[in-house]
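Chains S and L, in that order, are what the protein sequence lines are.
Residue -14 is where the first sequence starts when you use my numbering, and the numbers rise one by one after that.
Residue 11 is where the second sequence starts when you use my numbering, and the numbers rise one by one after that.
Where is the CB? At the ideal position from N, CA and C, for every residue including glycine.
Report on one structure; see the data block that follows.
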Amino acid sequence: MKREILYGPTSILMLWYSVYWLRLINPLFLPSPHEVAAELVSLSLTAGLWNDIAASMWRIIASFAPACCAGILMGLLMGYYKGANSAFEMIVDFFRSLPALAIFPLMMLFFGIGDLAKIATTVFSCSLIIAVHSAYGVSNGKKLRQEVATLMGATSLERFLKVTLPEALPHVMIGMRIALSFAVSIIVVTEMFVVTGNGIGHRIFEAGLTYRTAEMYSSIIIVGLAGYMLNKVFMLIERRIVHWAGK
Amino acid sequence: MTKIEIKGLEKHYPRNGSSLHVLSGINLKVDNGEFVALFGPNGCGKTTMLRIIAGMEPFEKGDILIGGKRPTESRIGFVFQNYSDSLFPWLSCRDNIMFPYMLKSGIGRAEMAEQELDSLLSSLKIYLPQESFPYQLSGGQQQMASILRTIIYKPDVILMDEPFSSLAHEIRLFMQEVLLRAWHREKPTILFVSHDIEEALLLANRVVFLGGQPARILNVIEVPFNHPRDRSLLKSRKFFDIRKRCLKIMEGGK
């Protein structure tokens, strides 16, 4: 690991301490880093925090998995059939430009105030991201590779399975990675919307409302760390599966 | 026995509403097991002609037969100039070479092809890191893999489109010698496009000169050197003489 990567966190910590010591912000709104750290440790010893993390994780996975299935399927169709692409491109771009949370009230009308509305909102937004990237991967494959396979007598199904699909895979994975971080933010924010009862977003919101700021900051740090780690793990998997990407 | 027969080929490209006449009145016969070079300046229509023979490009007039069959009904081996795009980066070098046998049309022969590949590698005296992926190979190794893939496929004809033109000089010479050895061993029918007259003369039994606009066959010369050949031929007096003759043909074509 390079030493440089510690410079960023260290400077933020130093800035935070300076603001705290100079009393530039009321400590009620910005507690000291060591207070937050202590809170983080004591929180991690309670079952409540882990239950909240588990609840959020469950919602993220429950939305990410179907989003992948729907998004990849949609993307492959759009990339493969030029007609499907022209037919859906505008609609997909329209919904993609829509902030995910703008459709959350609509989803609540349909699916109630429980988890289903949160999951539906996330699936909707994430599947579009994955679809766009997958479609790009399919339609931007090298023409030459298709010709090579055709010359060797590949049927169109073989060409799709053995050339088009692996060639699109790096883009599919990029779409999935972007969608995963999207899923984390949409789930955490929708947990704040209505009385959810659990979830890390709910914890942040409640802590903020009741001025338990140390707890609020530690929960924010936990969300950040979780998102960061999910992304890193996904990148590791991605590099293993699509080892040829970018080379 | 004639392997490739081209009769009265005409090709136009649509361009800005009108049409560009690319190939005109091409007649050519290539015998079974013959190594023929198609030589001409850049952009004269050599690649177009090769793609038409491979069945990848439509044409307006004329007839093309490969062993008496249409190109789309024959087994065509094609080696492209762009080796990195013609290989599959997700497959290892060996899997790339064996790709034709991963297709349904190749079922049942894969085992034989595996043995064939091993004996080919040892008789050509070449080393390829077979478990490596294309992006881990040098340009020469990548093109070698793509040539081996074509030979292993056992096509009716092998069409090569300037396969060595983007390689460094020394690697190019090495590849030319390997190709000569492979041709000497297997005797496939090869049509090799080149814009380098030395390359055409070193490799082929016959050189077909293409030129003019629209391109037509300007001349055909027999290359009288015996096989096996290697790079020492390039320094010989008779090579020098035939090269001079070729340069005259090219000047006359302008």
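Straight-line Cα distance separating residue j from residue i
i: L:R24; j: L:V230; result: A quick correction: the sequence has Pro, not Arg, at residue 24 of chain L. Near 29 angstroms, if we compare the C-alpha coordinates of L:V230 and L:P24.
i: L:L147; j: L:L60; result: 27 angstroms
i: S:L154; j: S:Y66; result: 17 angstroms
i: L:P238; j: L:E126; result: 22 angstroms
i: L:M66; j: L:G55; result: 14 angstroms
i: S:L83; j: S:I57; result: 20 angstroms
i: L:Q151; j: L:E83; result: 31 angstroms
i: S:A55; j: L:I200; result: 48 angstroms
i: L:R85; j: L:K21; result: 23 angstroms
i: S:E152; j: L:A64; result: 24 angstroms
i: L:F98; j: L:L177; result: 20 angstroms
i: S:G182; j: S:R188; result: 9 angstroms
i: S:L221; j: S:M158; result: 11 angstroms
i: L:K248; j: L:F90; result: 31 angstroms
i: L:D206; j: L:F49; result: 7 angstroms
i: L:D240; j: L:I168; result: 21 angstroms
i: S:Y196; j: S:M(-1); result: 24 angstroms
i: S:M92; j: L:M112; result: 47 angstroms
i: S:P18; j: S:G97; result: 40 angstroms
i: L:A192; j: S:Q131; result: 26 angstroms
i: S:S119; j: S:N125; result: 10 angstroms
i: L:I161; j: S:N70; result: 39 angstroms
i: S:L129; j: S:L136; result: 10 angstroms
Short CB-CB distance (under 9 angstroms) between residue i and chain L
i: S:L129; result: yes
i: S:M161; result: no
i: S:E223; result: no
i: S:G33; result: no
i: S:G64; result: no
i: S:T140; result: yes
i: S:H118; result: no
i: S:W229; result: yes
i: S:M137; result: yes
i: S:V133; result: yes
i: S:V123; result: no
i: S:K217; result: no
i: S:V157; result: no
i: S:L61; result: no
i: S:V148; result: yes
i: S:E152; result: yes
i: S:K103; result: no
Proximal residues, the segment 84 to 114 of chain L versus chain S, C-beta separation under 9 angstroms: R85, I86, G87, F88, F90, N92, D95, S96, L97, F98, P99, W100, L101, F109, P110, M112, L113 and K114
Chain-ordered residues of the segment 135 to 148 of chain L with a beta carbon less than 9 angstroms from chain S: F143, P144, Y145 and Q146
Alpha helix (DSSP H) runs wholly inside the segment -2 to 59 of chain S, at least 4 long, in chain order: 18 to 29
Short-range partners of chain S found in the segment 47 to 73 of chain L, where Cβ spacing is below 7 angstroms: A64 and M66
Near-chain S residues of the segment 17 to 35 of chain L (beta-carbon distance less than 8 angstroms), N- to C-terminal order: none
Any 3 or more C-beta pairs closer than 8 angstroms across the segment 225 to 244 of chain L and the segment 76 to 93 of chain L: no
Meets three-Cβ-pair contact criterion under 8 angstroms: the segment 46 to 62 of chain S and the segment 104 to 118 of chain S: yes
Minimum length 3: unbroken beta strand (DSSP E) runs contained in the segment 53 to 121 of chain S: none
At least 3 beta-carbon pairs within less than 8 angstroms: the segment 36 to 44 of chain S vs the segment 145 to 160 of chain S: no
Three-pair Cβ contact test at 8 angstroms for the segment 197 to 212 of chain S versus the segment 34 to 42 of chain L: no
Continuous beta strand (DSSP E) assignments of at least 3 residues falling wholly in the segment 107 to 152 of chain L: none
contact_flag[the segment 157 to 174 of chain S, the segment 124 to 142 of chain L] where n(CB pairs < 8 angstroms) is 3 or more: no
Uninterrupted alpha helix (DSSP H) stretches inside the segment 145 to 206 of chain L (no shorter than 4 residues): 149 to 162 and 179 to 196
Three-pair Cβ contact test at 8 angstroms for the segment 180 to 190 of chain L versus the segment 208 to 216 of chain L: yes
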